[in-house]
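Notes follow once the structure below has been shown.
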Amino acid sequence: MLKIFNSAIIVIIYNKEIHQSKTLNRLAQSKLSFSNCQLVIWNNGPFSLDNRNVSQLISRGFNVEIQETIKNESLAKIYNLFISQFDSKSYIILDDDTDLNDQYLSEALNLGESEVGIPTIQFDNKTEGPIINLTIIQDHKYVCKSKDKIFAIGSGLVIGKNICDEIKEVYGSVFDNNFYLYGVDTAFCFRLNRLEKNERVIILPPLSHSLSRLESESGGISRFRVKERGYDVGLQWRYYYPLHIAFYKISKLVAINLLRVLKIKKGPLNLSYTLKAFISGSHYRNEK
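Using the numbering used here, the first residue of the sequence shown is number 0, and each one after it goes up by one.
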């Protein structure tokens with residue numbers, strides 16, 4: 000008989016060993032009980048792990064499994080595979096650098112099968128999310144309503160089994176495989192919002208998390224993020240916006256980039272990448 004877990008947690012690590020992950024260290028240090036809890040450590044590259052010691056995590060009660068896709072696989076595909084692999088009452092999505100705390104974990108682990116949990120996100124001692132109806136929510140006691148428009152980052156997201164089933168019934172998968180790295184969480188929120196059942200969304204206690212859009216970076220990393228953001232936004236416009244609104248946004252982006260060429264104003268998005276994503280309907284990595 001297939002085992003049903005109370006919670007299944009995935010931590011995706013990239014370019015680090017297990018012991019270097021802040022998220023996994025916080026789980027190992029937690030004072031909570033993780034009995035009947037599946038933990039998947041997913042190494043997404045670029046190298047295989049040298050050390051697979053997970054004794055500390057096992058001692059906390061976790062059933063631990065390590066998986067590897069060392070070529071930096073699509074996050075959407077990893078999340079969907081994770082959900083399909085384990086029968087669990089809820090699924091918790093985590094990056095490798097999230098500063099977890101027991102208040103968040105306690106509430107996340109106790110969410111029901113028909114609920115979604117999204118954490119309050121703090122960066123540099125300032126609340127940056129979630130965003131509900133275009134407003135950053137400062138108080139995690141906020142009570143969500145059915146038609147609220149909710150957007151949150153993926154790390155710390157908790158999805159009940161019944162919600163997964165409802166999204167799959169409409170879209171065929173929980174996460175949108177058209178997205179690769181950026182926009183995976185945003186596309187999920189678009190899907191969730193369209194269900195118009197956001198009264199089942201619970202705002203969870205704050206987590207401290209790094210946000211790339213707010214950090215200064217080297218030129219190489221910044222160029223990578225410009226390309227990823229361009230494809231992210233183009234795919235959002237293609238799949239989740241009415242056609243007339245998408246064309247309005249494209250026209251506005253063309254005008255802004257013209258001003259950029261004329262050195263009047265700097266454009267927020269790369270026009271070429273955004274248009275390629277919108278026209279092709281595919282992420283450049285999925286085209287290979």
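No residue lacks a Cβ here, since even glycine has one placed at the ideal position from N, Cα and C.
Note that the coordinates shown come from a computational prediction; the quantities given were computed from them, not determined experimentally.
Checking 8 Å against the spacing of the C-beta atoms, do residue 36 and residue 4 come in under that value? At the C-beta level, residue 36 and residue 4 come within 8 Å of one another.
Burial state of residue 261, where buried means 16 or more other Cβ atoms lie within 10 Å: A caution first: residue 261 carries a pLDDT of 47, below 50, which makes its placement in the model too unreliable to give a value.
Closest to residue 41 by C-alpha separation, out of 268, 118 and 51, would be which residue? Ranking 268, 118 and 51 by Cα distance to residue 41 puts 51 first.
Start-to-end residues for the alpha helix (DSSP H) that takes in residue 81: Note, residue 81: alpha helix (DSSP H), 74–84.
Are the CB atoms of residue 99 and residue 25 within a distance shorter than 8 Å? Taking C-beta atoms as the reference points, residue 25 and residue 99 count as a pair closer than 8 Å.
Suppose you measure from the CA of residue 269 to the CA of residue 173; what does that come to, to the nearest Å? One C-alpha to the other measures close to 29 Å.
Taking 7 Å as the limit between beta carbons, can you name the residues of its chain near residue 110, skipping five residues before and five after? Excluding residues within five positions, the ones whose Cβ falls inside 7 Å are 89, 116, 157, 159 and 201.
Alpha carbon of residue 280 to alpha carbon of residue 154, nearest angstrom: Rounded to whole angstroms, the gap between the alpha carbons of residue 280 and residue 154 is 25 Å.
Between the Cα of residue 196 and those of 47, 10 and 113, spot the shortest distance and give me the residue it belongs to. Out of 47, 10 and 113, the CA that lies nearest to the CA of residue 196 is found in 113.
For the beta strand (DSSP E) containing residue 202, list its first residue and its last residue. First-last of the beta strand (DSSP E) with residue 202: 200–207.
Determine the DSSP secondary structure at residue 54, reduced to helix, strand or coil. Helix, per DSSP.
Distance CB(residue 29)-CB(residue 91) smaller than 8 Å: 8 Å or more divides the Cβ of residue 29 from the Cβ of residue 91.
Burial state of residue 78, where buried means 16 or more other Cβ atoms lie within 10 Å: Result: buried.
Taking 8 Å as the threshold (C-beta atoms), are residue 62 and residue 12 in contact? Not closer than 8 Å, so no.
Determine contact between the region 219–237 and the region 177–185, defined as no fewer than three beta-carbon pairs at a distance below 8 Å. Contact holds: three or more Cβ-Cβ distances are below 8 Å.
Can you tell me where the alpha helix (DSSP H) holding residue 278 begins and where it ends? Here the alpha helix (DSSP H) through residue 278 covers 270–279.
Between residue 252 and the ligand MN, is there a pair consisting of the residue's CB and a ligand heavy atom that are separated by less than 7 Å? With respect to the ligand MN, the structure offers nothing, as it holds no ligand at all.
Smallest Cα separation from residue 278: which of 46, 145, 233 and 188? The option with the nearest alpha carbon to residue 278 is 233.
Per DSSP, which residues does residue 42 bridge with? Please list them. DSSP lists 12 and 67 as the bridge partner or partners of residue 42.
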